[in-house]
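In the UniProt record's numbering, the protein residues as written are 1 to 46. Okay, structure first, notes after.
What follows is the structure, encoded as structure tokens:
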């Protein structure tokens, strides 16, 4: 599944993009591993 997200970097900058993962939780974990704080994340197919 693909998810659209908005997240904040450690520097405080806002980043938007798309991440592919098996679930919403897995997508959030992927972003967190890249030192991003998720603001919102939605399934692209919704």
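Even glycine gets a Cβ: it sits at the ideal position worked out from N, Cα and C.
Residue i in three-state terms, based on DSSP
i	result
residue 32	helix
residue 13	coil
Where the beta strand (DSSP E) through residue i begins and ends
i	result
residue 6	2-8
Buried/exposed call for residue i, threshold 16 Cβ in 10 Å
i	result
residue 19	buried
residue 5	buried
Beta-ladder partner(s) of residue i, from DSSP
i	result
residue 20	2
residue 41	5
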